[in-house]
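Residue numbers (full-length UniProt numbering), protein chains in the order written: chain A, 1 to 121; chain B, 1 to 121.
Notes for the one structure printed next.
Protein chains: 2
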Amino acid sequence: METEILNEKISPQECTARLNAVGDALYVIGGKWKLRIIITLSSGTKRFNELQRAIDGISAKMLSNELKDLEINGFVRRTVHEGPPVVVEYEPTSYSDTLHDVLESLNKWGTMHREKLRKEG
Amino acid sequence: METEILNEKISPQECTARLNAVGDALYVIGGKWKLRIIITLSSGTKRFNELQRAIDGISAKMLSNELKDLEINGFVRRTVHEGPPVVVEYEPTSYSDTLHDVLESLNKWGTMHREKLRKEG
DNA sequence: GTAAGCACTTACCTTTTGTTAACTACTAAC
DNA sequence: GTTAGTAGTTAACAAAAGGTAAGTGCTTAC
């Protein structure tokens, strides 16, 4: 006989699995800047200074560091167009597209939360 | 005449809106521990030491601090059952349920990413 | 030739985050 | 009375993350 599971608490095993999965996710896309960079690139390939202007508050140092991380982890491709002038382009890879649902749900939730805070004053 | 938008890059306005929304979200649920605590509580009401045992690597100090934050932001309810012995329970609120899609997408993505890393060695 | 833009890097500093260990105060078991 | 468990707090410290400012070497515009 099957037990109907509706609105049921998750099992300890499932809990551990989720903790591991979310831990793995946060390891590569956690922190203040990584998702913001990926979002910004999702509006199109950008150059270093364009990114810095688009992302409020990020310093050149952080942007440089985070872009290296994102490149290593396969979210971003860096292309140097030998000049002169030398132009460096950053574009999102297809792997960064796999974050679509994560970004969409965070966007929705953040919008809802912002609205809730606004109402509450 | 309407422009068909399929697989189109997002507009600068939409990009800014998303950056704001995701920024608002990360402000309250960002960091190493908050989502892990919420996930753990989603498997049922827990006491302080139960939480600490369930979440690998968290110290009593961090757990205490993060629980206070989560309570202030309405994700967790703290209930003291006057004893003896005094028992303190932490339970997820209905507001933490609004994170369902965020947690689900992060869980899926993290699982996929973990599997990808495993295959690549 | 001076200023400004590009794409960063470097050094220094502050803030945040996190660790460790000790301690409080109470209860229950041995 | 000693040990262990409950639910934390506190102090001291270390590490990680992030910010600030200046500098590099190049090119183009005025």
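Yeah, the Cβ is synthetic: ideal placement off N, Cα and C, and Gly gets one too.
Same chain, Cβ closer than 8 Å to A/Val88, five either side skipped, listed in chain order:
Arg47, Phe48, Arg78, Thr79, Val80 and His81
Distance cutoff 8 Å, beta carbons only. Does A/Leu51 sit that close to anything in chain B?
no
Going along chain B in order, which residues have a C-beta closer than 7 Å to the C-beta of A/Ala25?
Leu106, Trp109, Gly110 and His113
Residue from A/Ile72, A/Lys34, A/Asp24 and A/Cys15 with nearest C-alpha to B/Arg118
A/Asp24
Distance between beta carbons of A/Leu26 and B/Lys32, contact taken as under 8 Å:
7 Å
Give the straight-line distance between the Cα atoms of A/Lys9 and A/Ala17, rounded to the nearest whole angstrom.
14 Å
Measuring alpha carbon to alpha carbon, tell me which of A/Ser105, A/Thr45, A/Pro12 and A/Lys108 ends up nearest A/Glu91.
A/Thr45
Give me the residue from B/Val28, B/Glu50 and B/Lys108 with the minimum Cα distance to A/Asn20.
B/Lys108
Buried versus exposed call for A/Glu120 [16 or more other C-beta atoms within 10 Å across all chains shown]:
exposed
When DSSP builds the beta bridges, which residues end up paired with B/Thr79?
B/Glu89
Please return the same chain residues whose Cβ sits closer than 6 Å to the Cβ of B/Ala54, not counting the five positions on each side in sequence.
Thr40
Buried or exposed for B/His113, going by 16 or more other Cβ atoms inside 10 Å?
buried
Below 9 Å on C-beta distance, what does B/Ser42 contact in chain A?
Lys9, Ile10, Cys15 and Arg18
So, with DSSP's three-state summary, where would you put B/Lys9?
coil
B/Asp97, enclosing alpha helix (DSSP H) - first and last residue:
Ser94 to Asp97
One question on the structure: do A/Asn73 and A/Val28 come within less than 8 Å of each other, judged by their Cβ atoms?
yes
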